[in-house]
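S.K.: I'd like to ask you about the structure that follows.
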Amino acid sequence: MKIRIYLILALAGLSLSASCSYLDQVPEDELTLEMVFNDKTRTEDWLAGVYAGIADPYWDYMNKAGYDTLGDDMTLPTAWTTFDWTVLHMVAGNWSPATEWKMYYWSELPKYIRSAYIFIDHVKPLPQDGVTASEVALMKNEARFLIAYYYWLLIETYGPIPFSPGLVDAGASNEELLIGQTPFDTVVDWIDKELIEAAKGLPAYYTNNNKFGRATSVMCHAVRARMLLFAASDLVNGNPDYAGHVNKKGEALFSTQRDPSKWTKAAEACKELIDLAEGNGYKLYTELTADGKIDPFLSYQNMMFTRWTDGNKEILFARPGGCNIWDYEKHATPRGSGGNGGLGVSQSLVDAFFMKNGLPIGNSASGYSDTGYSTASDRRNTGWIEGSPTETPGEVTTAGTYNMYCNREARFYVTVLYNDAWFRESNRRTEFHNPDMDGGGYNSPQAGYLLRKKVHPDHNELNDNYIYRPGILYRLGEAYLNYAEALNECDPGNADILVYLNKIRERAGIPTYGPGPDQIAVDASDQTAMRKLIRMERRVELCVEGVRYNDLRRWKEAENVLNEPVYGMNINATTRDGYFRRTLLDYKHVYRKAFYFMPVPSWEMDKNPNLVQNPYWSTQE
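Take any residue in the sequence shown, note its place counting from 1, add 254, and you have its number in this note's numbering.
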């Protein structure tokens, strides 16, 4: 059987190691499968190609997939719609089955899945090249993981999908090829079992650092835990909105009967992941102050930048081969410092961060004020220098800072670059007011804030100083919050809820919840109250990591949250005091009931008469 080499090249976009590429050599015009799998390098090329379907959590999550943009974490200049920002049209509700979503999961992921199955069927030991039977078994389990992972991405995106695991013969009839959707829960159950089986044949981590990013048992359980959390949530667990949604065989594609046991299963999966990870040395990333305490600023900041080999054992699943950090950081750099500085955050996210006393800004005891300016510097026990004009460790804000940004928790300062904040790489303060150097025009933050999280503090757009970092897709901090959420839904009052929620708050440097004298009192048995606290913590801890949008979807809250008015600072004000006022933006989210799942692309509906369109897309509700 012959395959065209361009197919190999299309699928082999990533190397199996972070340090070398297998695409440096130009191969022959055509290869046979026998030629591929009789050669060690070509075999590795093929598997690398299967890995290439893993999304980039930087540029893809912001621009192509748009997870961060479609949620309420980010605001982008609407003028960017003229520069191939399809996701901004989707934010505005201009979205239909004919829209070409730039991740193309419906058409592209099945190609990677098929390629993985071909790999499993043909890979073999190559004693002459040192490819042993045990190495072959390992690679087959990597491919099994990737198949399961890609199926999970498909159902997370589209809900029920055509599902026929295994290879379909190239000579199959249209009847065999053009199949309809399989019920959502059926696919979940298959992926669940497949991830468990693949995990049995994979290590928890690799001692060979060149294999960083390749499939592990921890990755299997991380994907499984997130999937089962989604499957237990309101969107797909007893959602009456999907009653009557059936395939062409008349099978119900979603269960409309709520099943509480799904939350129990999700909680168990989350705990299995945590136990497996912690038992193999995974832990929250922390850096310490000179007196041996957790430094919340550097811990949260550098968790996104530090390599596994340099001690970042929080990483559960990272994209192999690197990410497009160049475009990401360029768009987050202020215009006056050489960037396309419009990659901003919303006032909603700014307001979500806690005060340094651990209370939300809406709590009367928090000490929050959104009027006036500070009269003194805020100095804390940290090595963080980004807030200090003199690069003095611990100077978080200086005198004259608008009070809205004073006395906030560490994660706020690591995430948000606000007007008048110190910008170390340019040795100046930001000027987001229109028409100042960072404001006005299409390359400026629409809400008056730029994104700081995931942008390296030593990045300098003017000298092309880009610094490698792992592209984190899943991390232990999320696993802790997933477990707390699932437990609260199936076993309210369980002591582990506060244990794992507090692990996140302890790293963040804010008071934990509990009955102690230095803790914030909560009723841990109050399921509704704890649900609110867990969701608040998720919003802050996991912001701009591609999680928030899918959280809003699975909670069935997207319609309520995303249709709310969007606020920012008054960037066109004529006075400083006028600038620092919450202002309704000309930036409107439109979110309809249909949008909870991506539509089946119209061109696929035209080709396959056995498909049914996802709920509400025909009526655009």
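Quick reminder that beta carbons are idealized off the backbone N, C-alpha and C, glycines included.
So is G716 buried or exposed if we call it buried at 16+ other beta carbons inside 10 Å?
M.R.: For this step, residue 716 is matched to residue 462 along the sequence shown. Checking the sequence shown, residue 716 turns out to be Leu, not Gly. Classification of L716: exposed, given that the 10 Å Cβ count is below 16.
S.K.: Keeping to the same chain, check which residues put their C-beta closer than 6 Å to that of P711; ignore five residues upstream and five downstream.
M.R.: Position 457 of the sequence shown, counted from the first residue, corresponds to residue 711. Only E640 meet the Cβ criterion.
S.K.: Using DSSP with H/G/I as helix, E/B as strand and the rest coil, what is E541?
M.R.: As a first step, residue 541 is located in the sequence shown; it is residue number 287 there, counting from the start. Of the three classes helix, strand and coil, the one that applies to E541 here is coil, per DSSP.
S.K.: I need the straight-line Cα distance from N661 to A783, nearest angstrom please.
M.R.: Counted from its first residue, the sequence shown places residue 661 at position 407. Counted from its first residue, the sequence shown places residue 783 at position 529. N661 and A783: Cα-Cα distance of roughly 25 Å.
S.K.: Using the three-state DSSP reduction, which class does Y276 fall into: helix, strand or coil?
M.R.: Your numbering for residue 276 matches position 22 in the sequence shown. With a pLDDT of 31 at Y276, under the threshold of 50, the modelled position of this residue cannot be trusted, and the question is left open.
S.K.: In the structure shown, what three-state DSSP assignment does Q435 receive?
M.R.: Within the sequence shown, numbered from 1, the residue matching residue 435 stands at position 181. Strand, per DSSP.
S.K.: Note down the Cα distance separating D624 from D745, rounded to an integer number of angstroms.
M.R.: The residue you call residue 624 lines up with position 370 of the sequence shown. The residue you call residue 745 lines up with position 491 of the sequence shown. Cα-Cα distance, rounded: 39 Å.
S.K.: Quick check: the Cα distance between T543 and V650, rounded to an integer number of angstroms?
M.R.: For the purposes of this step, residue 543 is taken as residue 289 along the sequence shown, with counting starting at 1. For the purposes of this step, residue 650 is taken as residue 396 along the sequence shown, with counting starting at 1. Looking at the two C-alpha atoms, the distance is approximately 15 Å.
S.K.: Measuring alpha carbon to alpha carbon, tell me which of N814, S553 and L301 ends up nearest A664.
M.R.: One-based indexing of the sequence shown puts residue 664 at position 410. Of N814, S553 and L301, the residue nearest in Cα terms is S553.
S.K.: Report whether the distance from the Cβ of D605 to the nearest heavy atom of the ligand MG is below 8 Å.
M.R.: Of ligands this structure carries none, so the ligand MG is not represented either.
S.K.: P414: which of V390, A827, N556 and W444 sits nearest, CA to CA?
M.R.: Numbered from its first residue, the sequence shown carries residue 414 at position 160. Residue W444 holds the alpha-carbon nearest to the alpha-carbon of P414 among V390, A827, N556 and W444.
S.K.: Do Y359 and L408 have their C-beta atoms within less than 9 Å of each other?
M.R.: The sequence position of residue 359 within the sequence shown is 105, counting from 1. The sequence position of residue 408 within the sequence shown is 154, counting from 1. Contact flag set, yes.
S.K.: I'd like to check one pair, H843 with V866: are the Cβ atoms closer than 9 Å?
M.R.: Locating residue 866 in the sequence shown gives position 612, where the first residue counts as 1. Locating residue 843 in the sequence shown gives position 589, where the first residue counts as 1. Contact check for V866 against H843 fails: the beta carbons are separated by 9 Å or more.
S.K.: Taking I569 and I726 to be in contact with their CB atoms under 8 Å, please state how far apart those CB atoms are, rounded to whole angstroms.
M.R.: One-based indexing of the sequence shown puts residue 569 at position 315. One-based indexing of the sequence shown puts residue 726 at position 472. Correct: roughly 6 Å between the Cβ atoms.
S.K.: Could you round the C-beta distance between A740 and L330 to whole angstroms and report it? I think they count as a contact, below 8 Å.
M.R.: Locating residue 740 in the sequence shown gives position 486, counting from the first residue. Locating residue 330 in the sequence shown gives position 76, counting from the first residue. That pair is no contact at about 33 Å.
S.K.: Quick one: what does DSSP say W676 is sitting in, helix, strand or coil?
M.R.: As a working mapping, residue 676 is identified with position 422 in the sequence shown. Strand at W676.
S.K.: With DSSP run on the structure shown, which of helix, strand or coil describes R478?
M.R.: Counting from one through the sequence shown, the residue named residue 478 turns up at place 224. In this structure, R478 counts as helix in the three-state DSSP scheme.
S.K.: Quick check: the Cα distance between A272 and F291, rounded to an integer number of angstroms?
M.R.: Counting from 1 along the sequence shown, the entry for residue 272 is found at position 18. Counting from 1 along the sequence shown, the entry for residue 291 is found at position 37. Low confidence applies to A272: its pLDDT is 36, below 50, so where it sits in the model is not reliable, and the reading given next is rough at best. The alpha-carbon atoms of A272 and F291 are separated by roughly 22 Å.
S.K.: Would you kindly work out how many angstroms separate the C-alpha atoms of R678 and L671, rounded to a whole number?
M.R.: Here the question's residue 678 lines up with position 424 in the sequence shown. Here the question's residue 671 lines up with position 417 in the sequence shown. Looking at the two C-alpha atoms, the distance is approximately 11 Å.
S.K.: Since L287 and H376 should fall inside the 8 Å C-beta cutoff, what is the C-beta to C-beta distance between them, to a whole number of angstroms?
M.R.: In the sequence shown, residue 287 corresponds to position 33, counting from 1. In the sequence shown, residue 376 corresponds to position 122, counting from 1. Right, the Cβ-Cβ distance comes to about 6 Å (below 8 Å), so this counts as a contact.
S.K.: What did DSSP end up calling E239 once you bin it into helix, strand or coil?
M.R.: In this structure the chain extends from 255 to 875, so residue 239 is not present and cannot be described.
S.K.: Given a cut-off of 9 Å, decide if K356 and G320 are closer than it, judged by their beta-carbon atoms.
M.R.: Along the sequence shown, read from residue 1 onward, the residue named residue 320 stands at position 66. Along the sequence shown, read from residue 1 onward, the residue named residue 356 stands at position 102. Yes.
S.K.: Can you check DSSP and say which residues form a bridge with I726?
M.R.: As a position in the sequence shown, residue 726 is number 472, starting the count at 1. In the DSSP output, where bridge partners are listed per residue, I726 has A572.
S.K.: Does any residue of chain C bring its CB to less than 9 Å from the CB of Q773?
M.R.: Of the protein chains in this structure there is only one, and it is not chain C.
S.K.: Please work out which residues of its chain come closer than 8 Å, Cβ to Cβ, to R808, disregarding the five sequence neighbours upstream and downstream, and give them in chain order.
M.R.: In the sequence shown, the residue the question calls residue 808 occupies position 554. Here the set comprises L483, F484, S487, D488, L489 and V490.
S.K.: List the endpoints of the continuous beta strand (DSSP E) containing R836.
M.R.: Stepping through the sequence shown from its first residue, residue 836 is reached at position 582. Element bounds for R836: R836 to L838.
S.K.: Locate the alpha helix (DSSP H) running through E795, then write down its first and last residues.
M.R.: For this step, residue 795 is matched to residue 541 along the sequence shown. It spans Q781 to E795 - the alpha helix (DSSP H) in which E795 sits, taken as one unbroken run.
S.K.: Just reading off the beta strand (DSSP E) that Y656 is part of, what are its end residues?
M.R.: Translated into positions along the sequence shown, residue 656 becomes position 402. Here Y656 belongs to no beta strand (DSSP E), and DSSP marks it neither H nor E.
S.K.: From which residue to which residue does the beta strand (DSSP E) around G822 run?
M.R.: By 1-based counting over the sequence shown, the position of residue 822 is 568. Counting along the chain, the unbroken beta strand (DSSP E) around G822 starts and ends at Y821 to M823.
S.K.: Straight-line CA distance for R846 to W349?
M.R.: Translated into positions along the sequence shown, residue 846 becomes position 592. Translated into positions along the sequence shown, residue 349 becomes position 95. Their Cα atoms are separated by approximately 10 Å.
S.K.: In angstroms, rounded to a whole number, what distance separates the CA positions of S369 and K294?
M.R.: Along the sequence shown, read from residue 1 onward, the residue named residue 369 stands at position 115. Along the sequence shown, read from residue 1 onward, the residue named residue 294 stands at position 40. For S369 and K294, the distance between alpha carbons rounds to 17 Å.
S.K.: For C474, tell me which candidate among T652, N463 and Y459 has the shortest Cα-Cα distance.
M.R.: Here residue 474 refers to the residue found at position 220 when the sequence shown is read from its first residue. Among T652, N463 and Y459, the Cα nearest to that of C474 is on Y459.
S.K.: By a C-beta neighbour count over all protein chains shown, 10 Å radius and 16 as the cutoff for buried, is H713 buried or exposed?
M.R.: Here residue 713 corresponds to residue number 459 of the sequence shown, with the count starting at 1. The residue is buried, with at least 16 neighbouring Cβ atoms inside 10 Å.
S.K.: For P771, count neighbouring C-beta atoms within 10 Å of its own C-beta (all shown protein chains included) and say buried if the count is 16 or more, exposed if not.
M.R.: The residue labelled residue 771 in the question sits at position 517 within the sequence shown. With fewer than 16 other Cβ atoms within 10 Å, it is exposed.
S.K.: From which residue to which residue does the alpha helix (DSSP H) around V668 run?
M.R.: Numbered from 1 along the sequence shown, position 414 holds the residue referred to as residue 668. That run of the alpha helix (DSSP H) goes A664 to T669.
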